[in-house]
Structures are given as structure tokens and as C-alpha cells.
Amino acid sequence: AEYEPSQPIHPLVRFATRRDRKTHIIIRTLAVALAPGDCRVLSGKTRELQGPPSFPYIPGGDCCGVVVQTQEVEKYFKPGDVVAARFTVAPRDAMAEYARISATVCVKVDTSKISPEEAAALASASAAVCLSDYVNPNERILVLGASGGVGSHFVQLARERGASYICGVSSSPAHLLSLGCDDAIDYTEQNVFESTKFQEEQFDSIYDLACGGWPQLVDAVRNNTPSIVKSASMGGRFISLTPDSPTFEGHSLWSLLSLFLFLSLFRAVSSQLFTRKTLPIFSSAACLPDTREIMTRTLDLAQAGKYKAVIDNVYPFTTEGVRSAFHVVESRHGKGKVVVKIADL
């Protein structure tokens, strides 16, 4: 059967959904949360792998909306359901009145507990839930980039997971303290890797959500600066969610494998074999599973009051509104998630 919903859907959305009708559904979009990946795709720096494959192209991938049409075999979702979804292959197709989303990374939203804007923000920050699985009870952790879209949610979840001491690094320390951090460092005023306080009371783990933390730690150790984190031989860990640079380019599969896989493997092996007594074990946590389970956990935890959505600002769905939203994300100084409101529920 053809997709012929009663609402007027743009032909581009309808045509694209016909091609992957077994995995995607159509929603009336309510809100879209932006992420650094949206700016990267818009820049064309990873076009060969993440697109856009052609123009015109619709940016945005993490969203909340009302189901308009499902697949014939769909049993979980039905028209009228409010759902939240994150992108899979690339952040595209969401910032429009209607969008096509993958049902495999989509979950229903209880709007009596979470607004559409909050649901979109939580979907976009679902990496924080995966990252929280690395947190061990009673450990002291340092979070680099703690006030960003993922960091603002991760510090809350780290507390829920039993971290005994959480220190965040950001240009907005007051924001971090309001989220429950025990301490907050303003990186514009202090280099946390040179902190005598933390050299004496070392962290068990460092979580890098800001880019470039590992090279800074290595340089500090090479300069004979006492480390602020335990070495691998003492159980110390360094978990990274990002590459060293926030503005990386990848025009081939090999270039991205070199950036995300080979370099991470080299650091992981070296930290376990050659620098065990001076540096922590390096781990990369850059991949999200393309399953509904992570989205279910993300929304369930929020709806149970375990943590809250953190939104920097909600922008209108206008030319200036969307431009302003992208500028904030590109600046990397947003406090939480940046959201564009598309329509009312």
C-alpha cells in the first residue's frame, strides 16, 4: 500500500519514506534538538560519508513529534502517539513540519511528565546514558565539557550511578554546581591538569566530552607534572566520547577509521602496556547502538525523575531562529541542549 496520510506531507519526505518503508515512520515534528554533528554535516566536512547526498537537504536528526503514518507491519507505534527519536546514519530530515524517522531508535513519550522540547533534548543527549554505564560506585570523576549537551545530562546520571565526587570543567561553573557537581572548574581561569588540589587527591576516572583532553594529560605527565588521575596500574581510566578536535574532517572511510578507530586502539594498547605506571587506561566510547533500548532507558530515567532535561534555549522555527540555534551549537558554549520548536502539540 502507498503512503497516503491525510495531512499534506512534502513529496520529498513521502518519496524518501517509500524507499525505507520497512524501518521508518512519518511524524508531524514538534521539536528538534541540535548537536555538533548537525553543524558538521552542514559544513560538508564529512559529506562523502554523512551527506547530504543531494540538495535540497533537511538538517536535524534528534526530534520529537506525533506519529502520522506507520508501516503496515508496525505493532508498537500508532498514529497519534507522541514519540522521540534520534538519528541513525546521519543527522538529517527532522527540521521540517513533517519528518521521517527510524522506528528502531524511537520511543513513546509521556507528555504529562516531559514536554516535546525536553523529549527532543533527551533523545539528543542519549549518549549520556550509555556513558553513565562506565561509572563505578564510589569513584571520583572529572568531566571535561560538563556543561554541554551531553555533559549536562551525564553529570546527573553519574550521581545516580553512585559517583562519590564529581568535578566538572566548563566556562560556566555555577551551572555545573546547580546540576549537582561537587566542584566546578572554570577552564578560562584555571588549567585543571595543573591543579595541586587534584594532584594530591587524584581522580579515579576522567570523562572527556570537550575534545583534546588526552593530549593535555600526556603533555602534563611528560613535563613531570604530577597527574590528577590515577595511573592504569592503580585502576585509573580516561574515557573519551570525542576526537581531539571538534572540527575534524572525514572525506573517506579510511580517514574516519584513522581518527576514531586506529588512534583509539593505539592509545588503548599503549596505556595498558607501556605507560601503565604514569597514565590511566584509555577507552573510547564514541558509538551508540542503533536499538530502541537506549532510547527507552533515556526516557524512562527522565520520566522517573532520575535526571532532568537541560535546555540552553528554545528557538522558534524561523530563518533567524534556526540560524541562532546553529550559531550557539557551533560556538560550543551552550549550557545544555539547543532546541528548535517546530510546532505546538
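Residue numbering for the sequence shown follows this note's numbering, beginning at 65 and increasing consecutively.
All C-beta atoms, glycine included, are put in the ideal place defined by N, C-alpha and C.
Since we're looking at a predicted model, the values are computed, not measured.
- When only Cα atoms are considered, Phe257 and Glu264 end up about 12 Å apart.
- In the structure shown, Val96 adopts extended strand secondary structure according to DSSP, grouped into three states.
- By the criterion of at least three beta-carbon pairs nearer than 8 Å, the segment 367-385 is not in contact with the segment 298-308.
- DSSP places Cys275 outside both helix and strand once states are collapsed to three, so it counts as coil.
- Between Thr362 and Leu186, the C-beta spacing is below 8 Å.
- Around the Cβ of Asp174, a 10 Å sphere holds fewer than 16 other Cβ atoms; the residue is exposed.
- With a beta-carbon spacing of about 4 Å, Cys245 and Gly232 fall inside the 8 Å limit used to define contacts.
- At a Cβ-Cβ threshold of 8 Å, His397 and Ser235 count as neighbours.
- Minimum Cα-Cα distance from Pro180 among the listed residues Cys127, Arg164 and Asp283 corresponds to Cys127.
- When Cβ pairs closer than 8 Å are counted between the two stretches, the segment 165-172 is seen not to touch the segment 211-228, the count staying below three.
- Pairwise C-beta distances place the segment 117-134 out of contact with the segment 196-213, as fewer than three of them are shorter than 8 Å.
- Boundaries of the alpha helix (DSSP H) around Ser335: Leu327 to Leu337.
- Per the DSSP secondary-structure output, Asn377 pairs in a beta bridge with Val402.
- Annotation for Gln336: Ala296 and Ile345 place their beta carbon closer than 7 Å to its own, counting only its chain and skipping 5 residues before and after.
- Looking from the CA of Ser242, the closest CA among Pro120, Gly400, Lys405 and Ala389 belongs to Gly400.
- Of all C-beta pairs linking the segment 188-199 to the segment 286-296, fewer than three are shorter than 8 Å, placing the two stretches out of contact.
- The alpha carbon of Arg356 has as its nearest neighbour, out of Gln254, Ala148 and Thr339, the alpha carbon of Ala148.
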